[in-house]
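As structure tokens, the structure follows; a few thoughts come after it.
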Amino acid sequence: MITFYDIPSTLPGVVWSPNTPKIRLALEYKGIPFETKWVEFPDVSKVSIKVGAQPSGKWAHDGSPYYTCPFIYDSKTDKVISDSWNIVRYLDETYPETPRLVPQGLNGLVKLFIDEAGAKLLSAFAPFNLSKTGEILNPASQPFFFETRPSIIGVTMAELDAMANWDAVKASLDWLEGVIEENKKGGQYVIGDHLTYADIFVGSNLRWFVVHGMESQLWKDLVALNGGKWGKLLEQLETLGKFDQLRQA
């Protein structure tokens, strides 16, 4: 059994993070049983160290290890894996009988894509979503979140909020649509005609806007961009892995 570590919030029945759904949906897609353990932000470092998860980087202010979710523990192999990309590779290697997340021989290309796409989407999305993320966290996590984010992003939260620019969101998704169209296969997914981790990665980032609520104008505007392409992708991912109604249980 895989134990999957995630961060809870006050949103009813919805997983909010742009990062942890990458692995939650990957496990759903591959059909690998798992249980969720919920960890509040201030406890992520403590729990990570306790189970043996590796840090994601270092804090800018003092150089100490920085730990994040998701990470997993797999009782089948007695291994703990952190970082979404490392987990994806581990799942493909350890469970070869399940659908692959990354097509054979394309690890390097998919990694290049998610690094480039991730940088563009984060830059455009964070000014809209980061402060709102703090607002929907549980009281146990809110102070830690707001105190530590400036050290990670390099600016104050107010400065980040002021950078919100819908044209930047549209430009990032126009770029992404162009990448998909370059496949020339006529498929609906990043690599053409079948789902891969690249699509899960994109969908998870898009879902970060759920912190505003699915009835918000921001959410409605997002899913309508590029002729409704992103709304359709999220709907497709929902049917594949209950992506749109992930339960905090």
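All the letters of the sequence shown, read from the start, carry residue numbers 212 to 460 under this note's numbering.
Where is the CB? At the ideal position from N, CA and C, for every residue including glycine.
Length of the line joining the Cα atoms of Lys440 and Glu346
29 angstroms
Contact check, Phe215 vs Leu348, beta carbons under 8 angstroms
no
Indicate the three-state DSSP secondary structure (helix, strand or coil) for Ser295 in the structure shown.
helix
Just curious, the beta strand (DSSP E) that Lys257 is in, first and last residue?
Per DSSP, Lys257 belongs to no beta strand (DSSP E); it is in the alpha helix (DSSP H), Val255 to Val262.
Output needed for Ala409: all residues of its chain with C-beta closer than 7 angstroms, excluding positions within five of it in sequence on either side, in chain order.
Val321, Phe324, Ile325, Val401 and Ile402
From Asp289, Leu387, Gly319 and Val422, pick the residue whose C-alpha is nearest to that of Leu444; which is it?
Leu387
Going by other Cβ atoms of all chains shown within 10 Å of its Cβ, with 16 needed for buried, is Pro229 buried or exposed?
buried
Are Leu302 and Ile243 close, meaning C-beta to C-beta below 8 angstroms?
yes
Do Val255 and Tyr278 have their CB atoms nearer than 8 angstroms?
yes
So, under 8 angstroms CB-CB, Phe357 and Met374 are touching, yes? Tell me the CB distance rounded to an integer number of Å.
About 17 angstroms; that fails the 8 angstroms criterion.
For Pro276, does the three-state DSSP call read helix, strand or coil?
strand
Nearest-angstrom Cα separation, counted from Ile411 out to Gln447
10 angstroms
Can you give the Cα-Cα distance for Ile363 and Asn340, rounded to whole angstroms?
15 angstroms
Since Asp385 is in the alpha helix (DSSP H), which residue starts that stretch and which ends it?
Trp377 to Glu392
Return the CA-CA distance between Gly424 and Asp294, expressed in angstroms with no decimal places.
27 angstroms
Can you list, in chain order, the residues of its chain with a C-beta nearer than 8 angstroms to that of Arg300? Leave out the 5 residues immediately preceding and following it.
Val313 and Asn318
Go through its chain and collect everything with a Cβ distance to Leu222's Cβ below 6 angstroms, but skip five positions before and after it.
Ile347
If you follow the beta strand (DSSP E) that Glu251 is in, where does it begin and where does it stop?
Taken as a continuous stretch (DSSP letters only), Glu251 belongs to no beta strand (DSSP E), as it is neither H nor E.
Would you identify the three-state DSSP class for Lys269, choosing helix, strand or coil?
strand
Name the one or two DSSP bridge partners that Tyr284 has.
Thr214 and Val291
Assign Ala351 to buried or exposed, taking buried as 16 or more other Cβ atoms, counted over all protein chains shown, within 10 Å of its Cβ.
exposed
Assuming Val321 is part of the alpha helix (DSSP H), what are its boundary residues?
Asn318 to Ile347
Cβ shell of Pro266 (< 6 angstroms), same chain only, five flanking positions each side left out:
Pro276, Tyr277 and Tyr278
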